[in-house]
Amino acid sequence: MNLTEITEGNTKLLIPKHRELSKRDVVFFNPEMQLSRDISVIIANTVKAEKFCDVLAGTGARGIRIANESKIKEIVINDKNPRAYELISMNRKLNDVDVRIENLDANLLLSKERFDFIDIDPFGTPVRFIDSALRSIMNNGILSITATDTSALCGTHPRACIRKYDSIPLRTDYYNELGLRILIAYIGRSALRYNIAVVPIFSHCTRHYFRAYLIAKRSRRLANNTIEKIKFIAHCFNCLKRKYISLNEIDDLYCECGHRFRIAGRLWADTLADKKFCGDMLKTLRTLNSLGEINFSLGLEKLIGLIGSEQDVVKPYYDIHKIFKRLKMPSLSMSKIEEMLSENNIILRRTHFSNIGIRTDADVEDLYAILG
Ligand SMILES: C[S@@+](CC[C@H](N)C(=O)[O-])C[C@H]1O[C@@H](n2cnc3c(N)ncnc32)[C@H](O)[C@@H]1O
């Protein structure tokens, strides 16, 4: 293996010199996923986990960073690729960290052992690892799950989404939010079979991937409550109205504007992160920054702040360009929109999903009346 050494966060990493960023790589490493690994480090420093497993580790970047940059005591790093195993061993030595390395199929490892923090970072969809992760996770443990098959989740390939996630996607103006909601609903529904309620504490959509961090609570009562959080959405492509609906409300649904609603789901119809937890993450980030040991990606503080604040509104965001196109007016500035809505006592939140997105509980008719 032709290797090169980099530093990410506060950790030295040997990575393959030649990378295609595909399954064909001898060992996979994508430097652009630093932000995702930074967030894992912040979360590992915020929660009280004791036994972390990086089950699809590649070079071991995430697990080695967590061993080096957090206080979690027991770390297991696994990859079924023998070349990855070799490289993880070299990275362990380079950083002199105490981690156990395994060279197993992820599902086999998760069937043998239990953890209170499991990271699943696959090529494409995580669905084939969800069941074994749910069986392995301890009560109140954390699951962190990546999905990079955004074309399925966001509706470019709807049949792939139906096949993998048992959910109908829709290419709406908030297609990326819908994709994340479909992913979380899939994890939530899988968890119900084990009497587990999942609670998203943080989730984000960045470039080509989704990432969700969820607490798994083993409780039949809480699992029953979760059922109410998994719904469908009715979307009108004419006037842009959208509303969450339950199964028994799906019929020949027509929007007030006369057009037929299109239906997507099942999807997660509750918060995508815990606002208080986001505040705790910010405190962790500031403390770590003040120590000056770890170099985090730029923009992390803004991203976490935005994700925390946007949880005040669960309804999917509106694309302001689409709103003004329908009004046949040039777009107003975000600050002007904010001012006009707040004069009408309407809450507005910005969203990390789009810099031209606004979150509000207001109906689309009210937006047209106020902004038009
Ligand atoms: C996207 S890469 C992981 C990247 C890594 N987490 C990082 O942050 O750099 C996915 C990894 O999963 C491994 N893998 C794929 N299927 C697996 C399985 N069934 N069991 C264990 N490892 C597997 C691959 O060898 C690959 O290294």
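The sequence shown: position 351 = 341 (the numbering used here), numbered continuously.
In this text, a Cβ means the ideal position worked out from N, Cα and C, and glycines have one as well.
By the Cβ criterion, the region 96 to 104 is not in contact with the region 155 to 163, since fewer than three pairs of Cβ atoms, one from each stretch, lie closer than 8 angstroms. Annotation for I32: M271, T274, L275 place their beta carbon closer than 6 angstroms to its own, counting only its chain and skipping 5 residues before and after. When DSSP reads this structure, N285 sits in a beta bridge with G(-1).
Taken in chain order, the complete alpha helix (DSSP H) segments of 4 residues or longer contained in the region 142 to 179 are 148 to 155. For N166, the CB contacts under 7 angstroms within the same chain, skipping 5 residues up- and downstream, are C144, C195, F343 in chain order. Not one heavy atom of ligand 1 falls within 7 angstroms of the beta-carbon of L262. Looking at the DSSP output, E92 shares a beta bridge with N68. According to the DSSP assignment, A51 belongs to the alpha helix (DSSP H) that extends over 51 to 59.
When secondary structure is reduced to three states using DSSP, T341 falls in the strand class. Separation of N35 and F267 (C-alpha to C-alpha, rounded to the nearest whole angstrom) is 12 angstroms.
Distance from the Cα of G178 is smallest, within the candidate group C229, T146, A259, G(-1), for A259. For T36, the Cβ stays outside the 7 angstroms cut-off from all heavy atoms of ligand 1. For N215, the uninterrupted alpha helix (DSSP H) segment begins and ends at 210 to 217.
Considering only L290, R210, G131, the residue with the shortest C-alpha distance to M23 is L290. The region 241 to 305 is shown to contain whole alpha helix (DSSP H) runs of 4 or more residues at 265 to 281, 290 to 300, in chain order. When the beta-carbon positions are compared, T136 and H198 stay at least 8 angstroms from each other. For the pair of segments examined, the region 5 to 23 was found to touch the region 43 to 51: the number of CB pairs separated by less than 8 angstroms reaches three.
Taking the Cβ of P112 as the reference point, at least one heavy atom of ligand 1 falls within a distance shorter than 7 angstroms. Around the beta-carbon of K292, fewer than 16 other beta-carbon atoms lie within 10 Å, marking it exposed.
For M324, the enclosing alpha helix (DSSP H) begins and ends at 324 to 333. Taken through DSSP and simplified to helix, strand or coil, K38 comes out as coil. Here the region 315 to 328 does not lie against the region 245 to 264, with fewer than 3 beta-carbon pairs under 8 angstroms apart. Here the region 222 to 237 makes no contact with the region 118 to 125; the two share fewer than three CB pairs at distances below 8 angstroms.
Here the alpha carbon of Y308 sits roughly 45 angstroms from the alpha carbon of L77.
In this structure, M80 has its CB at a distance of at least 7 angstroms from all heavy atoms of ligand 1. The count of Cβ pairs closer than 8 angstroms, one atom from the region 149 to 157 and one from the region 293 to 305, stays below three, leaving the stretches out of contact.
Looking only at I29, D28, L25, D69, the smallest Cα-Cα distance to C43 is reached by D69. Between T140 and A187, the C-beta spacing is not below 8 angstroms.
Taking 8 angstroms as the cut-off, the beta carbon of H249 is found no closer than this to the beta carbon of N279.
Counting C-beta atoms within 10 angstroms of its own C-beta, S60 has 16 or more neighbours from the protein chains shown and is therefore classed as buried. Of the other Cβ atoms in all chains shown, fewer than 16 fall within 10 Å of the Cβ of K7; this residue is therefore exposed. R82 is positioned such that its CB atom lies no closer than 8 angstroms to that of M(-9). Taking the Cβ atoms as the reference, T261 lies roughly 7 angstroms from P190, within the contact range of under 8 angstroms.
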